[in-house]
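Notes for the one structure printed next.
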Amino acid sequence: MNYQIEPLQTEDWPQVRSIYAESISTGVSTFDTKPPNWKDWDSSRLP
């Protein structure tokens, strides 16, 4: 199996946000209580 890692684009955010929201619901992976908006997420990550 081959993997290709690409930079996250704005248009990817709805799917990524959904995955992140699901991980929040487990209470295991983060202290966040809700997924951030795109602007907050993007500005808090390295390019």
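FYI, the numbering for the sequence shown is 1 to 47, going by UniProt numbering.
Just so you know, even glycine gets a beta-carbon here, dropped at the ideal spot from N, CA and C.
Check                                                                                                 : Outcome
Hey, residue 65 and TYR20 are a contact pair by Cβ (cut 8 Å); roughly how many whole angstroms apart? : As displayed, the chain neither begins before 1 nor continues past 47, which places residue 65 out of reach and without an answer.
Locate the alpha helix (DSSP H) running through ILE19, then write down its first and last residues.   : 13–26
Specify the secondary structure class of SER44 as computed by DSSP and reduced to three states.       : coil
For THR30 and ASN2, I'd like the C-alpha separation in whole angstroms.                               : 28 Å
If you draw a straight line from the C-alpha of ASP32 to the C-alpha of SER43, how long is it?        : 16 Å
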